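S.K.: Sharing a structure below in structure tokens format, with a few things to ask.
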Amino acid sequence: MNGPEARTNIKDPLLQPLTIKKLTLRNRIMSTSHACGLEIDGMPEEAYQRYHEEKARGGLALSMFGGSSNVDRDSPNIFRQLNVGTDAIIPHLQRFSTRMHDLGAALMCQITHLGRRGDPYAGDRLSTIAPSPVRETLHRSIPKEMDEHDIDRVVKAYARAALRCKEGGLDGIETLAAGHLIGQFLSPLTNRRTDRFGGSLENRLRFGLMVHEAIRKAVGDDFLVGMRFVVDEGPDGGLPFEECVKAALILKQAGAVDFFNAIYGTMDTTRALAEENMPGMGSPLAPWVEPVGAFRREVGLPVFHAARIADVASARFAIAEGKLDMAGMTRAQIADPHLVTKLASGREAEIRPCVGATHCQSPYRPSCLHNAATGRELTLRHVIEKAEGGARRVIVIGGGPAGLEAARVSAERGHAVSLYEAGSDLGGQIRIGATGSWRRDLLGIVEWREAELQRLGVSVHTNSYMESADIAALEPDVVILATGGLPQIDLKEGADLCLNTWDVLTGQVPMRGKVLIYDGTGRHPGPLAAEQAREAGAEVTYVSIDAQLSEELTYAERLRWKKRFLQIGVKPVFESRLFAVQRRDNRLEARFLNEISREVTSVLVDQVIVEQGSVPMDEVYFGLRGQSANDGVTNLEAMVRVAPQPRLRQNGFELHRIGDAVSSRNIHAAMLDALRICSAL
Numbered sequence: 001m002n003g004p005e006a007r008t009n010i011k012d013p014l015l016q017p018l019t020i021k022k023l024t025l026r027n028r029i030m031s032t033s034h035a036c037g038l039e040i041d042g043m044p045e046e047a048y049q050r051y052h053e054e055k056a057r058g059g060l061a062l063s064m065f066g067g068s069s070n071v072d073r074d075s076p077n078i079f080r081q082l083n084v085g086t087d088a089i090i091p092h093l094q095r096f097s098t099r100m101h102d103l104g105a106a107l108m109c110q111i112t113h114l115g116r117r118g119d120p121y122a123g124d125r126l127s128t129i130a131p132s133p134v135r136e137t138l139h140r141s142i143p144k145e146m147d148e149h150d151i152d153r154v155v156k157a158y159a160r161a162a163l164r165c166k167e168g169g170l171d172g173i174e175t176l177a178a179g180h181l182i183g184q185f186l187s188p189l190t191n192r193r194t195d196r197f198g199g200s201l202e203n204r205l206r207f208g209l210m211v212h213e214a215i216r217k218a219v220g221d222d223f224l225v226g227m228r229f230v231v232d233e234g235p236d237g238g239l240p241f242e243e244c245v246k247a248a249l250i251l252k253q254a255g256a257v258d259f260f261n262a263i264y265g266t267m268d269t270t271r272a273l274a275e276e277n278m279p280g281m282g283s284p285l286a287p288w289v290e291p292v293g294a295f296r297r298e299v300g301l302p303v304f305h306a307a308r309i310a311d312v313a314s315a316r317f318a319i320a321e322g323k324l325d326m327a328g329m330t331r332a333q334i335a336d337p338h339l340v341t342k343l344a345s346g347r348e349a350e351i352r353p354c355v356g357a358t359h360c361q362s363p364y365r366p367s368c369l370h371n372a373a374t375g376r377e378l379t380l381r382h383v384i385e386k387a388e389g390g391a392r393r394v395i396v397i398g399g400g401p402a403g404l405e406a407a408r409v410s411a412e413r414g415h416a417v418s419l420y421e422a423g424s425d426l427g428g429q430i431r432i433g434a435t436g437s438w439r440r441d442l443l444g445i446v447e448w449r450e451a452e453l454q455r456l457g458v459s460v461h462t463n464s465y466m467e468s469a470d471i472a473a474l475e476p477d478v479v480i481l482a483t484g485g486l487p488q489i490d491l492k493e494g495a496d497l498c499l500n501t502w503d504v505l506t507g508q509v510p511m512r513g514k515v516l517i518y519d520g521t522g523r524h525p526g527p528l529a530a531e532q533a534r535e536a537g538a539e540v541t542y543v544s545i546d547a548q549l550s551e552e553l554t555y556a557e558r559l560r561w562k563k564r565f566l567q568i569g570v571k572p573v574f575e576s577r578l579f580a581v582q583r584r585d586n587r588l589e590a591r592f593l594n595e596i597s598r599e600v601t602s603v604l605v606d607q608v609i610v611e612q613g614s615v616p617m618d619e620v621y622f623g624l625r626g627q628s629a630n631d632g633v634t635n636l637e638a639m640v641r642v643a644p645q646p647r648l649r650q651n652g653f654e655l656h657r658i659g660d661a662v663s664s665r666n667i668h669a670a671m672l673d674a675l676r677i678c679s680a681l
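For the sequence shown, this note's numbering assigns the number 1 to the initial residue and increments by one for each residue that follows.
Written as structure tokens, this is what we have:
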């Protein structure tokens, strides 16, 4: 296969080819299967394919796709899966495989039956099925116990789905064992049967062997067939390492599999998903490489693996030391799909880092917290093109995430860019957000952009507070205001008696005595302040307007904060609105309205800390509007289409606000504002 490494004499272990049967993979970096959220009616249409195509363009060897693609009707679409249970998918796969092969990458799909992980009220509203009627905590269904007619039907469905993948031009497939139907038969915790499919390990593996035998018969020996397979179910599971190895050897001896895609732990609880299957920020890098390496030594087949292999150094170590044959850098390539190209061309320092924020696991997946182009390949580019109209003088005010991205993109366009930041350091609220016990990796977002601005020759000025007259005097062609916002405290009474979370997290105000933290957003600042208060020795009362802790965050982040609150002894109160704070002698009385009961309660504390987001700092904006050619208006149609902005008058500069200077949102929204506007300058 052709690719950037074919043109470069590279000895890097990551850039060595791997041959499995008749398929040669051009390097050791892959993207593992996941439900990326871009399918339409269960089909991988243009946006879905372009998302994966970008990784092929960026040099990876193998893209797995279709996380949990369903083989039959009673395995319904519950988290944006593909439907490989119908022939309608074949032409989509044919177009998909052609475009990936043309770029030198191999393509495989994951096919599965969810079993008890399904939803009896989704799709055709059919009962879920499983080896035994054991309820799964996470997905909540109580399944029907499968009889042999069910088993025969599902085995045939797997084989038909695999054949569709072959007819679609793919290089192979993998089935998903672990917590899905094959794994539910294998684990003694979910298989209570006493017939030939239960009891001994050999009996529990029988269903999986039947599935793979039927697949092999349908697709032949040259089409690769693998299994996403657990190497150890960990503390909550029923399959220890030794039994997993024994089962894998039986599969190998039967000729059922050509490779294993190894995972660790269980996946039937939120904790297991967030800490074992898909660990993120706050977890060690590549936490399961050692047990996976031990599994590989025992099994003697090619082994793929992905679990927070977020950086090139971790992947290189795992391959060089023989722990893995393919390093799954899935989230790393969501952050930077051109990771391999940069590595092969000696630009490793330019790789945009995955910080493990898990934003790509949110309902808005596959959105990366700091690569807004990912998942938007139909309108946005990962490699910024030079502007056709020549260089313009672009002034960026504010060095937070929005300003840093605006300066980076504008410089990539070939413009002369100057960035002015009022503080002594770049990063804005990211530096505040990185103060907690497990959030420090956020600084990678800032550090990468600082390095990129230096590489691109952007003129950066810190400790530079700019008034509107100062900006106008620079005679700009374009002004991008990324001035952020100021903390908001919106109470009926007593706002002047309260502190905001920035006061606490920046260390401006020490915490003492009994502290009330009121969380009105469900974001990170409230929990960060609670953690800091407890570490300072304060007694913390935590009240949220939401129904659960950190409601606006991803499930993995919520899990992390719930665990942290248990560790520091904070017991939050929910669904209560803070509406007034009054002085009582030398203390403060905070009054709440319960959103459910409508009961009013109060608490007496020494300090009240309020998190309600921010309101834009807009004084400079209003000072510049009258001098701008667009009256400070960002045309939304042009912005979304990534088209040049219209002018409302002939003279003046182009003026735009981005990020929190528009409204209080997250890092990804700030990055997207910057990328959309500045890509069209």
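Glycine is no exception: its CB is placed at the ideal position from the N, C-alpha and C atoms. From a predicted model like this one, the values you see are computed outputs, not experimental measurements.
Name the DSSP bridge partner or partners of residue 461?
M.R.: According to DSSP, which records beta bridges pairwise, residue 461 is partnered with 420.
S.K.: Among 498, 415, 459 and 153, whose alpha-carbon lies nearest the alpha-carbon of residue 426?
M.R.: For the residues 498, 415, 459 and 153, the minimum Cα distance to residue 426 belongs to 459.
S.K.: Using the C-alpha atoms, what's the distance from residue 270 back to residue 167?
M.R.: Between residue 167 and residue 270, the C-alpha separation is close to 36 Å.
S.K.: Keeping to the same chain, check which residues put their C-beta closer than 7 Å to that of residue 386; ignore five residues upstream and five downstream.
M.R.: If we look at residue 386 and ignore the five residues flanking it on each side, its Cβ neighbours are 413 and 414.
S.K.: Please determine, among 575, 562 and 580, the residue with the shortest C-alpha to C-alpha distance to residue 598.
M.R.: Minimum Cα distance to residue 598 is reached at 575.
S.K.: Tell me whether residue 80 sits in a helix, a strand or coil according to DSSP, three-state version.
M.R.: Coil.
S.K.: What are the boundary residues of the alpha helix (DSSP H) that includes residue 616?
M.R.: Run containing residue 616: none in the alpha helix (DSSP H); it sits in the beta strand (DSSP E), 614–616.
S.K.: Output the residue ranges of the beta strand (DSSP E) runs that lie fully inside the stretch 122–148 and measure 3 residues or longer, sorted by chain position.
M.R.: You should have found no qualifying run.
S.K.: From 81, 200, 171 and 120, pick the residue whose C-alpha is nearest to that of residue 185; which is it?
M.R.: Ranking 81, 200, 171 and 120 by Cα distance to residue 185 puts 200 first.
S.K.: Cutting at 8 Å between CB atoms, please list the residues of its own chain near residue 530, excluding the five before and the five after it.
M.R.: Taken in chain order, the residues that qualify are 517, 540, 542, 565, 568 and 570.
S.K.: Whether or not the stretch 114–123 and the stretch 156–166 are in contact is what I'm after, with contact meaning three or more pairs of Cβ atoms, one per stretch, closer than 8 Å; do they touch?
M.R.: Contact between the stretch 156–166 and the stretch 114–123 is absent, because fewer than three Cβ pairs lie under 8 Å.
S.K.: Mapping the DSSP letters down to three states, classify residue 1 as helix, strand or coil.
M.R.: Any reading at residue 1 must be qualified, since the residue scores a pLDDT of 37, below 50, and its modelled position is unreliable; the value itself is stated next. Reduced to three states, the DSSP call for residue 1 is coil.
S.K.: Sort 242, 310 and 305 by Cα distance to residue 260 and report the nearest one.
M.R.: Selected option, being the one with the closest Cα: 305.
S.K.: What is the rounded straight-line gap between the Cα of residue 525 and the Cα of residue 231?
M.R.: One C-alpha to the other measures close to 37 Å.
S.K.: For residue 11, which option in 301, 204, 187 and 316 has the closest C-alpha, if you only look at C-alpha atoms?
M.R.: Answer by Cα proximity: 316.
S.K.: To the nearest angstrom, report how far apart residue 190 and residue 374 are at their CA atoms.
M.R.: For residue 190 and residue 374, the distance between alpha carbons rounds to 37 Å.
S.K.: Between which residues of its own chain and residue 625 is the CB-CB distance below 8 Å, once the five residues before and five after are set aside?
M.R.: Cβ within range, chain order: 631, 632 and 655.
S.K.: Measuring CA to CA, which of 148, 56, 390 and 502 is closest to residue 108?
M.R.: Cα-wise, what sits closest to residue 108 is 56.
S.K.: Output yes or no for whether 8 Å exceeds the beta carbon distance between residue 419 and residue 407.
M.R.: In contact: residue 419 and residue 407 (Cβ atoms closer than 8 Å).
S.K.: Can you give, in chain order, each stretch of the beta strand (DSSP E) that sits fully within the stretch 475–508 and has at least 3 residues?
M.R.: List check, beta strand (DSSP E) in window: 478–481 and 485–487.
S.K.: When the Cα of residue 66 is compared with those of 19, 142 and 228, which residue comes out closest?
M.R.: The shortest Cα separation from residue 66 among 19, 142 and 228 belongs to 228.
S.K.: Going by Cα to Cα distance, which pick from 582, 443, 242 and 356 is closest to residue 274?
M.R.: That would be 356, whose Cα lies nearest to the Cα of residue 274.
S.K.: May I ask you to list the residues that DSSP assigns as paired with residue 226?
M.R.: 174 and 259.
S.K.: Which residues in the same chain have their Cβ closer than 8 Å to the Cβ of residue 381, if we skip the five residues on either side of it in sequence?
M.R.: Same-chain partners within the cutoff: 373 and 679.
S.K.: Could you name the residues of the same chain whose beta carbon sits closer than 7 Å to that of residue 97, not counting the 5 residues immediately before and after it, in chain order?
M.R.: Closer than 7 Å at Cβ, skipping near neighbours: 107, 168, 169 and 170.
S.K.: Does the CB of residue 661 have a neighbour CB from chain D at under 8 Å?
M.R.: No chain D appears in the structure shown, which is made up of a single protein chain.
S.K.: For residue 361, verify whether its CB is less than 7 Å away from any heavy atom of the ligand SAM.
M.R.: Inclusion of the ligand SAM in the displayed structure is not the case, the ligand content being empty and no account of it being possible.
S.K.: Look at the Cβ atom of residue 318, then the Cβ atom of residue 59, and state whether they are nearer than 8 Å.
M.R.: For residue 318 and residue 59, no; Cβs fall outside 8 Å.
S.K.: Within 10 angstroms of the Cβ of residue 88, are there 16 or more other Cβ atoms? Answer buried if so, exposed if not.
M.R.: It is exposed - the Cβ of residue 88 has fewer than 16 other Cβ atoms within 10 Å.
S.K.: Pick out whichever of 104, 509, 303 and 278 has its Cα sitting closest to the Cα of residue 20.
M.R.: Measuring from the Cα of residue 20, the nearest candidate turns out to be 303.
S.K.: Just the Cα atoms here: how many angstroms apart are residue 360 and residue 556?
M.R.: The straight-line gap from Cα to Cα measures roughly 11 Å.
S.K.: Does residue 323 pass the burial test, meaning 16 or more other C-beta atoms within 10 Å, or should it be called exposed?
M.R.: Result: buried.
S.K.: Assuming the contact rule is C-beta atoms closer than 8 Å, residue 341 and residue 281 should be a hit. Round their C-beta distance to whole Å, please.
M.R.: That pair is no contact at about 26 Å.
S.K.: Does DSSP classify residue 596 as helix, strand or coil?
M.R.: DSSP places residue 596 in coil when its eight states are reduced to three.
S.K.: Measuring CB atoms only, is the stretch 441–453 touching the stretch 465–473, in the sense that at least three cross pairs come out at less than 8 Å?
M.R.: As far as the Cβ criterion goes, the stretch 441–453 does not touch the stretch 465–473, which means the pair count is below three.
S.K.: Starting from the C-beta of residue 325, find all residues in its chain whose C-beta is less than 8 Å away, skip the five residues before and the five after it, and write them out in chain order.
M.R.: Within the same chain, residue 325 has close Cβ partners 18, 28, 259, 296, 302, 303, 304 and 319.
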